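Quick note: the sequence shown uses this note's numbering, first residue 550, plus one each step.
Here's the structure we're looking at; comments come further down.
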Amino acid sequence: MTDFGRVITAMITPFTADGAIAYEVAANLAQYLVANGSDGIVVCGTTGESPTLTWDEEFQLFQTVRQAVAGKAKIIAGTGSNSTREAIHATAKAAELGLDGALLVVPYYNKPPQEGLYAHFQAIAKAVPDFPLMLYNIPGRTGQNLLPETVIRLAQEHSNIVAIKEASGSLDQASALRAALPPTFRIYAGDDSLTLPLLAIGGYGVVSVASHLVGSRIQEMIQAFVQGETAKATAIHCQLLPLFKVLFVTTNPIPIKAALSLQGWPVGEPRLPLTSASDAVIGQLKTVLDDLGLLKS
Numbered sequence: 550m551t552d553f554g555r556v557i558t559a560m561i562t563p564f565t566a567d568g569a570i571a572y573e574v575a576a577n578l579a580q581y582l583v584a585n586g587s588d589g590i591v592v593c594g595t596t597g598e599s600p601t602l603t604w605d606e607e608f609q610l611f612q613t614v615r616q617a618v619a620g621k622a623k624i625i626a627g628t629g630s631n632s633t634r635e636a637i638h639a640t641a642k643a644a645e646l647g648l649d650g651a652l653l654v655v656p657y658y659n660k661p662p663q664e665g666l667y668a669h670f671q672a673i674a675k676a677v678p679d680f681p682l683m684l685y686n687i688p689g690r691t692g693q694n695l696l697p698e699t700v701i702r703l704a705q706e707h708s709n710i711v712a713i714k715e716a717s718g719s720l721d722q723a724s725a726l727r728a729a730l731p732p733t734f735r736i737y738a739g740d741d742s743l744t745l746p747l748l749a750i751g752g753y754g755v756v757s758v759a760s761h762l763v764g765s766r767i768q769e770m771i772q773a774f775v776q777g778e779t780a781k782a783t784a785i786h787c788q789l790l791p792l793f794k795v796l797f798v799t800t801n802p803i804p805i806k807a808a809l810s811l812q813g814w815p816v817g818e819p820r821l822p823l824t825s826a827s828d829a830v831i832g833q834l835k836t837v838l839d840d841l842g843l844l845k846s
């Protein structure tokens, strides 16, 4: 059974002032995350600005993060693409480099029907039959919803499809998955604010953005729920909810990169077409971070 852990951070990709990847900062950040609540790290996911990275940059990042935290956390490669051939190549490369699994986003822009989605993920699963795969459903970014019946079909037919990052925002959809699939198939929240509700219907954990800042608290919340301390879990959820919300007041990862910069991390600006955080967003971030004691005095 594959276990990626309860708290997986969808790690940002730090850049230098001239827009190159700051690999040393990425290594340091990965080590910090693992020391502060993260069981695993997704490298080159949406939060890592994968659409503007080259495959060579991504493969170098895979190696950098793996070397930084090998044996201390699971490293999951974002290898999804709207080209099945590219996704197969990237996923096979991640397996070759010794990573622990891959995150496969629903193909974006070309909007394949459910049968096309099934064939896409099936082809990847067959190409790397011994490599654990996590599906990633985020209709708001891809334009297509990966329906429960397609996920169920894939998970039942391919033993290496072991989890899903469910970011449709639908608890009904997650409930349908939980009702049909065994507990060994892990369902992860794709939205920080839905972590606790998803746990209540059989979810396992979260692929988180906020864990860059409060990974230990999110881990504490999940462990409290698992141990039956639901009031404690709810209290932590409510305390962190303003942070969960402010990190998505504009397109991710603009706010989280700004928040890390406010904490002193040299993560740089997002690559175009994403832009830096506005003064209004930075003001909102400062207020929430200060309230939670996350800004240096």
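All residues carry an ideal CB built from backbone N, CA and C; glycine is no exception.
Everything numeric in this text was worked out from a predicted model, so none of it was measured.
- Task: Measure the C-alpha to C-alpha separation of residue 604 and residue 646 and round it to an integer number of angstroms.
- Result: As a position in the sequence shown, residue 604 is number 55, starting the count at 1. As a position in the sequence shown, residue 646 is number 97, starting the count at 1. One C-alpha to the other measures close to 14 angstroms.
- Message: Assuming residue 598 and residue 823 are in contact, meaning their beta carbons sit under 8 angstroms apart, how far apart are those beta carbons, in whole angstroms?
- Response: Indexing the sequence shown from 1 puts residue 598 at position 49. Indexing the sequence shown from 1 puts residue 823 at position 274. About 7 angstroms separates the two Cβ atoms, so the contact holds.
- Query: Based on Cα-Cα distance, which residue from 843, 553, 844, 634 lies nearest to residue 683?
  - Reply: What you label residue 683 is simply residue 134 of the sequence shown in a count that begins at 1. Here the closest residue by C-alpha is 553.
- Query: Which residue comes first and which comes last in the beta strand (DSSP E) that contains residue 558?
  - Reply: The sequence position of residue 558 within the sequence shown is 9, counting from 1. Where residue 558 is concerned, the enclosing beta strand (DSSP E) stretches over 556-559.
- Task: Over the uninterrupted alpha helix (DSSP H) stretch that includes residue 592, give me the two end residues.
- Result: Position 43 of the sequence shown, counted from the start, is the residue given in the question as residue 592. Taken as a continuous stretch (DSSP letters only), residue 592 belongs to no alpha helix (DSSP H), being part of the beta strand (DSSP E) at 589-592.
- Message: Taking the straight line between their C-alpha atoms, what separation do you get for residue 692 and residue 656?
- Response: Translated into positions along the sequence shown, residue 692 becomes position 143. Translated into positions along the sequence shown, residue 656 becomes position 107. Residue 692 and residue 656: Cα-Cα distance of roughly 9 angstroms.
- Message: Using the three-state DSSP reduction, which class does residue 553 fall into: helix, strand or coil?
- Response: Here residue 553 refers to the residue found at position 4 when the sequence shown is read from its first residue. Residue 553 falls in the coil class under three-state DSSP.
- Task: Return the residue from the list 595, 729, 664, 580 that minimises the CA-CA distance to residue 801.
- Result: By one-based count along the sequence shown, residue 801 stands at place 252. Residue 595 is the option with its Cα nearest to residue 801.
- Nearest residue (CA-CA) to residue 788, options 808, 804, 745: Counting from one through the sequence shown, the residue named residue 788 turns up at place 239. Checked all of 808, 804, 745; the closest Cα to residue 788 is 745.
- Task: Sort out for me which residues DSSP pairs residue 777 with in a bridge.
- Result: The residue given as residue 777 occupies position 228 in the sequence shown. Beta-bridge pairing links residue 777 to no other residue.
- Three-state secondary structure (DSSP) of residue 830: By one-based count along the sequence shown, residue 830 stands at place 281. Of the three classes helix, strand and coil, the one that applies to residue 830 here is helix, per DSSP.
- Message: Going by DSSP in three states, residue 685 sits in which element: helix, strand or coil?
- Response: Here residue 685 corresponds to residue number 136 of the sequence shown, with the count starting at 1. Of the three classes helix, strand and coil, the one that applies to residue 685 here is strand, per DSSP.
- Task: Taking only the alpha-carbon atoms, compute the straight-line gap between residue 793 and residue 759 and give it to the nearest angstrom.
- Result: Counting from 1 along the sequence shown, the entry for residue 793 is found at position 244. Counting from 1 along the sequence shown, the entry for residue 759 is found at position 210. Answer to the nearest angstrom: the Cα atoms are 6 angstroms apart.
- Buried versus exposed, by CB contacts within 10 Å (16 or more), residue 825: The residue you call residue 825 lines up with position 276 of the sequence shown. Residue 825 is exposed by the Cβ-count criterion.
- Query: Considering only C-alpha positions, which residue in the set 566, 562, 569, 588 is nearest to residue 577?
  - Reply: If you number the sequence shown from 1, residue 577 lands on position 28. For the residues 566, 562, 569, 588, the minimum Cα distance to residue 577 belongs to 562.
- Span of the alpha helix (DSSP H) holding residue 700? Indexing the sequence shown from 1 puts residue 700 at position 151. 697-706 is the extent of the alpha helix (DSSP H) around residue 700.
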